[in-house]
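J.:
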Amino acid sequence: MSQTHAHGRSSGKPKLALYWAASCGGCEIAVLAIDEKILTVAEHFDVVFWPCAVDGKVRDIEKMADGEIRLCLFNGGIRTSEQEYMARLLRRKSQVLVAFGSCAQEGCIPGLANLSNREEIFRTVYRDTLSTDNPQGIYPQPETAVPEGKLHLPIFYDTLKTLGQTVEVDYYLPGCPPEAENIWEALVAVLEGRLPERGSVIGKNTTVCDECPRIREEKKIKRFKRIWEVIPDQEHCLLEQGIICCGIATRAGCGAKCPQVNSPCIGCHGPNEGVEDFGGRLLSALASMIDSNDPNEIERIIREGIPDPVGTLYRFNLASSLLRRSRRAATDGNGQKGAAASKLGAVS
Amino acid sequence: MIKGDKNLRIGVYVCHCGTNIAGTVDVEKLRQFAETLPGVVLARHYKYMCSDPGQELLKQDIMEHGLNRVVVAACTPSLHEETFRRAAEQAGMNRFLVQIANIREQVAWVTDDAETALDKAKAHVAGAVRRVALHQPLERQFVPILPRALVVGGGIAGIQAALTLADAGKEVILVEREPSIGGHMAMFDKTFPTLDCAACILTPKMTAVKNHPNIRLLTYSEVINVEGSVGNYRVQIRRRPRYIKEDLCIGCMQCVEACVFTRARFPNPFDRGLGMRKPVYIPFAQAVPPVPLIDPEACLRLKQGKCKETCVVACGDRGAIDFEQQVIVEEYQVGVIIVATGYQIFDPSVIGYYGYGKLPNVYTALEVERLLNAGGPTSGKVLLRDGRVPKRVAIVHCVGSRDKKYHAYCSRVCCMYALKLAHLLKEKTGAEVYNCYIDIRTPGKGFEEFYNRVQEEGVHFIRGKVADVSPVPTGPGENGSSGLIITVEDTLLGEVRKIPVDMVVLAVALEPQADADNVRRMFGISCSTEGFFLEKHPKLAPVNTASDGVFLAGACQGPKDIPDTVAQADAAAAKALALIDAGQIELEPNTAWIDEEMCSGCKTCIPLCPFNAISRDEERQIAVIDEALCKGCGTCVAACPSGAAKQKLFGFEQIDEELEGILSYV
Ligand SMILES: Cc1cc2nc3c(=O)[nH]c(=O)nc-3n(C[C@H](O)[C@H](O)[C@H](O)COP(=O)(O)OP(=O)(O)OC[C@H]3O[C@@H](n4cnc5c(N)ncnc54)[C@H](O)[C@@H]3O)c2cc1C
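Going down the list, the sequences are from chains A and B. Residue 347 is where the first sequence ends in numbering that gives the first Met the number 0, and the numbering goes up by one at each step. Residue 665 is where the second sequence ends in numbering that gives the first Met the number 0, and the numbering goes up by one at each step.
This is how it looks when you write it as structure tokens:
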């Protein structure tokens, strides 16, 4: 990162960009949840690109010098060729690139589609749903010839990747979406130049239990219960009541909001510092709590209580986990032949 | 790019292990490969790395080439990791910067194809190199050993171990559950195969225990809690009230004489119920300590609060009797523990066809030991319950042993004690004695000779399992008979025999004590399937247990006779002494630790620790690991959902890099 671009050239104010890739848009709203402080942001930054809120053109960005943007908050994973292009572009133009929110950090809900592939997704979305009327079975094409010329659509990839799997990311802001306080702290940190070590997650280094006021004992579970099956006791640890609460494995910073209103943590802040595979960690912790030594009983407890293991354990982070995706066919769906997955790191 | 220290200078050593490795793996190609790995500055192969010249080579290189990490591609780390760590340390390097790549057991011995073997060996070496790059120097940690031993159980095993330790000048706390020490041996009249009088050889040892300045004897007491770890165990011992003050009593037995119960009428468990005792009693004449005790269930004063208290009068000025005594709990700190809790005998009443418990003249071998004992209920006369002397006796072998329904194992001592009882019964009564056996097992010193002797004495041997013991049918008008008929298939004659006898002796199995499971949990030891305590290694660590500083002696580890028990007790004492005299013990280097910031105190790990090493600091709301207790098993590390539990030498990054290294060459 070159210091010559430490400040923007035109207004003297540092430049800020925000972008929205494969995500629901909640992160965009979350930025506004900092309330009137958004005015302070506008005062200190020159917002050069924020398609959701202000007018701006990609070609203006393309024309900028490398590193001209001080800070880019990038939400969403990388699902299409256009998103990949924007990720690379913004990476190049920005001094600090933040993977903003769960989708950019770990794939989030869109990442669960890595359990299937482009073919299946298209079939469902463009053909099989009841509300779809597509007798000719037309799927979106990257290139379509019309009398006026050629129309282009981004290529839809077979696999959703995280921002970090696509370009180098400077910081990660966890959450689905990130909490207003954390966003504000990150912005202030950038302005004041007090940034932590590159590559780190801006947030707490402990888990949700740390912020949860519920009373906890040693955990022994005879039956996992779905949330609709019980009205939980208000005071005791939800997990001890058999409700799968991911708080034990999820990075703190949210203030344990969900468990405080009787709703289990579903893991949106991702794994704790240094943990590579959230689902694997959670799984081995839960497995150690099952109160039985009888293999048949254990198998029944899991089968009845966790009908959707991937959706439960990897809800937010399948794309960034060691699993990454379900087994891939011969091509990687991006048109290239899949590289032989010899190394763990090569699976992506 | 390789992770870790920027100034890596890794040396890789490929051991031929004679032809063990070099016969399969091309060691020169492996060496060449190792040389290309990032961070490696030097790679060699050598015929025997573990030999003195091999170690010397390693040391020289460390000093001359300034190596700061070492990988030895050789045999399993359980064999020579210590050797190479020590060598590295002698050359001035931290011993934990050495990593072993096991290319013998995991490659050469299990791979036929040379090319595949080379590939595998490369993967192992690459993994080890990438891993060792991330190793950090670790401090070796030692804990001091308190020079005091706890011996649990005062049978011959506990007595022997306690005396050996005490004679070596160490303090011993000997805890015995019963009112006297002596265990089973104290019940016997004679012992096989030499027929020495049990009391003659045991009593002097019992008295020596009592008088030894280094032994604190706590009878009628039990260990109820054990905390801490090797070197410093804190044990709580519950002492039951005797209602007679041990320090004031001189063992004159006047109280027993004077008791308002003039006749002894309560069954004495030491005599297996064949003899009677008073409410104030001593279990047997040579009991140690020679102090009577009062049974609160029988004593009028303790039961009803009303009695003439003639015992108190008899005791007079000594004032040793104290009806107000209460259970007390004492706490001791000890450095090592010897568990010598012995065995119990199998209860044969569960085998209906032997009639034990229903037919009065069917006895267990232990009851017969009491009948034979000069200090026993019949003063050594073999008398049936109706007072007759038996003329025909059947001894049934393998009762509860070698029987899948009860205990599949052989109890090892029954053949010999059955022969002993046959001899003694014949000697004392002149009876015809029939030994009904499956096999006679006499594999000890002097055992076979003893067997021959008993055969020559005219004892009958019938090879076959007794299928039934029934009373002799009585004719009309007859007043019931105490005679018995045994049915046995004589497999040598090939016929079923019915033999009339008037006494049946059941050679019952030895089995784990009823509370063995609690005891083993308390001391952190494992047990084998049949419930006896498990030694650390059946051949090479027969008196050690899974817990450092806890040793086993005697029949609690498995059925054995007195000579084996005594030998094992001395072995346990020697092991304990070695530890005490070393003064300190090195802790496992690969212990787990909690990254305090990352821990949210969720309590997932606490119940999982097999060594009770984790507790929760309620104030800081985090888990804490007692390093002295941690054995580095990694259970908490694997289960910790927040990644706060970490392990030295098994960091996530280290494991990850090792995997990356291995997988990039497979
Ligand atoms: C009928 C019979 C005859 C035998 N005859 C012979 C023979 O002639 N020769 C021979 O070599 N072997 C003989 N044996 C075997 C012999 O009994 C054993 O080898 C020997 O008793 C083993 O000694 P030990 O100290 O290990 O166990 P034990 O004698 O069982 O002593 C264990 C002691 O520990 C105490 N204890 C148990 N649990 C606790 C606790 N939790 N806390 C405190 N104290 C506790 C018990 O009260 C007991 O005093 C015979 C065995 C039987 C059954």
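All residues carry an ideal CB built from backbone N, CA and C; glycine is no exception. Quick caveat: nothing in here was measured; it's all calculated off a predicted structure.
Can you tell me the Cα-Cα spacing of THR528(B) and LEU662(B), whole angstroms?
T.: Between THR528(B) and LEU662(B), the C-alpha separation is close to 39 Å.
J.: What would DSSP say about GLN104(A), mapped onto helix, strand or coil?
T.: Residue state, collapsed to three classes: helix.
J.: If you check the beta carbons only, do VAL287(B) and ARG215(B) fall under 9 Å apart?
T.: Not closer than 9 Å, so no.
J.: Within 10 angstroms of its Cβ, does VAL495(B) collect 16 or more other Cβ (buried), or is it exposed?
T.: So VAL495(B) ends up on the exposed side.
J.: Measuring only the C-alpha atoms, how far is ARG276(B) from GLY633(B)?
T.: If you take the alpha carbons of ARG276(B) and GLY633(B), they lie about 55 Å apart.
J.: Between which two residues does the beta strand (DSSP E) harbouring VAL503(B) extend?
T.: From DSSP, the beta strand (DSSP E) with VAL503(B) extends over 502–507.
J.: Name, in chain order, the residues that DSSP records as bridge partners for TYR670(B).
T.: Residue 670(B) lies beyond the residue range present for chain B, which begins at 0 and ends at 665; the question has no answer from this structure.
J.: Run the proximity test for GLU175(B): is its beta-carbon closer than 8 Å to any non-hydrogen atom belonging to ligand 1?
T.: Flag set: Cβ of GLU175(B) near ligand 1.
J.: Establish whether the CB of LYS218(A) and some CB of chain B are separated by less than 9 Å.
T.: Chain B contact via Cβ: present.
J.: What in chain B is Cβ-close to SER287(A), meaning under 7 Å?
T.: Neighbours of SER287(A) on chain B, chain order: THR603, LEU607, ALA638.
J.: Tell me whether ARG122(A) sits in a helix, a strand or coil according to DSSP, three-state version.
T.: Looking at ARG122(A) - three-state DSSP - the assignment turns out to be helix.
J.: Can you give me the Cβ contacts of MET0(A) inside the same chain, cut-off strictly under 7 Å, excluding the 5 residues immediately before and after it?
T.: Reliability fails at MET0(A), whose pLDDT of 37 lies under 50, so the model's placement of it is uncertain and the value that follows must be treated cautiously. Excluding residues within five positions, the ones whose Cβ falls inside 7 Å are GLY66, GLN94.
J.: Taking 8 Å as the cut-off, is the C-beta of CYS555(B) nearer than that to any heavy atom in ligand 1?
T.: The answer is yes for CYS555(B).
J.: Between VAL632(B) and chain A, is the shortest Cβ-Cβ distance under 9 Å, so that the two count as touching?
T.: It should be pointed out that residue 632(B) corresponds to Cys in this sequence rather than to Val. Chain A, which has no Cβ nearer than 9 Å to the Cβ of CYS632(B), makes this no.
J.: At a CB-CB cut-off below 7 Å, which residues of chain B make contact with ASN204(A)?
T.: Result: GLU596, MET597.
J.: If you draw a straight line from the alpha carbon of ASN261(A) to that of PRO50(A), how long is it in whole angstroms?
T.: Rounded to whole angstroms, ASN261(A) to PRO50(A) spans 37 Å at the Cα level.
J.: Quick one: is GLY304(A) near chain B, going by C-beta distance under 9 Å?
T.: Not closer than 9 Å to any Cβ of chain B, the Cβ of GLY304(A) fails to qualify, so no.
J.: Can you list the residues of chain B that ILE247(A) reaches, using a CB-CB cut of under 8 Å?
T.: The contacting residues are SER599, CYS601, THR603, PRO640, SER641.
J.: Please classify VAL312(B): is it buried, with 16 or more other beta-carbons within 10 angstroms of its beta-carbon, or exposed?
T.: The residue is exposed, with fewer than 16 neighbouring Cβ atoms inside 10 Å.
J.: Determine the burial state of SER614(B): buried for a count of at least 16 other Cβ atoms within 10 Å of its Cβ, exposed for fewer.
T.: Exposed, because fewer than 16 other Cβ atoms sit within 10 Å of the Cβ of SER614(B).
J.: Beta carbon of LEU365(B): closer than 8 Å to some heavy atom of ligand 1?
T.: The answer is yes for LEU365(B).
J.: Roughly how many whole angstroms lie between the Cα atoms of ILE108(A) and CYS175(A)?
T.: Each residue's Cα considered, the two are about 10 Å apart.
J.: Take the Cβ of TYR219(B) as the centre, count every other Cβ of all protein chains shown within 10 Å, and call the residue buried at 16 or more, exposed below.
T.: Classification for TYR219(B): buried.
J.: Nearer than 8 Å: is that true of the beta carbon of GLY121(B) relative to any heavy atom of ligand 1?
T.: Residue identity check: residue 121(B) is Lys in the sequence provided, not Gly. LYS121(B): no, Cβ never under 8 Å from ligand 1.
J.: Tell me whether GLU216(A), by its Cβ, gets closer than 8 Å to a heavy atom of ligand 1.
T.: No, since every heavy atom of ligand 1 falls outside the 8 Å radius drawn around the Cβ of GLU216(A).
J.: Please state whether DSSP places MET275(B) in a helix, a strand or coil.
T.: Correct three-state label for MET275(B): strand.
J.: Between HIS183(B) and ligand 1, is the CB less than 8 Å from at least one heavy atom?
T.: Yes; taking the cut-off as 8 Å, the Cβ of HIS183(B) has a heavy atom of ligand 1 nearer than that.
J.: So, at 7 Å on beta carbons, what are the nonlocal neighbours of ASP594(B) in its own chain, with the 5 sequence-adjacent residues on each side left out?
T.: ALA643, LYS645.
J.: Mind the definition here: the segment 110–127 of chain B touches the segment 83–90 of chain B only if three or more C-beta pairs lie below 8 Å; say whether that holds.
T.: The segment 110–127 of chain B, when compared against the segment 83–90 of chain B, does not touch it at the 8 Å Cβ threshold.
J.: What do you get for GLN140(A), buried or exposed, if any count of 16 or more other CB atoms within 10 angstroms of its CB means buried?
T.: Exposed, because fewer than 16 other Cβ atoms sit within 10 Å of the Cβ of GLN140(A).
J.: Taking only heavy atoms of ligand 1 into account, decide whether any of them is closer than 8 Å to the Cβ of GLN285(B).
T.: Not so, every heavy atom of ligand 1 lies at least 8 Å from the Cβ.
J.: Check whether the Cβ of PHE610(B) lies closer than 9 Å to any Cβ atom in chain A.
T.: Closer than 9 Å: no.
J.: Give a yes or no on whether the minimum CB-CB distance between GLY273(A) and chain B is below 9 Å.
T.: Yes, because at least one Cβ of chain B sits closer than 9 Å to the Cβ of GLY273(A).
J.: Kindly indicate which residue of THR35(B), THR490(B), PRO143(B), PRO178(B) has the alpha-carbon position closest to the one of LYS244(B).
T.: The shortest C-alpha separation from LYS244(B) is found at PRO178(B).
J.: Hey, does GLN646(B) have any beta-carbon neighbour from chain A nearer than 9 Å?
T.: With 9 Å as the cut-off, GLN646(B) does not count as an interface residue toward chain A.
J.: Taking the beta carbon of HIS536(B) as the centre, do at least 16 other beta carbons fall within 10 Å, making it buried, or is it exposed?
T.: Burial call: exposed.
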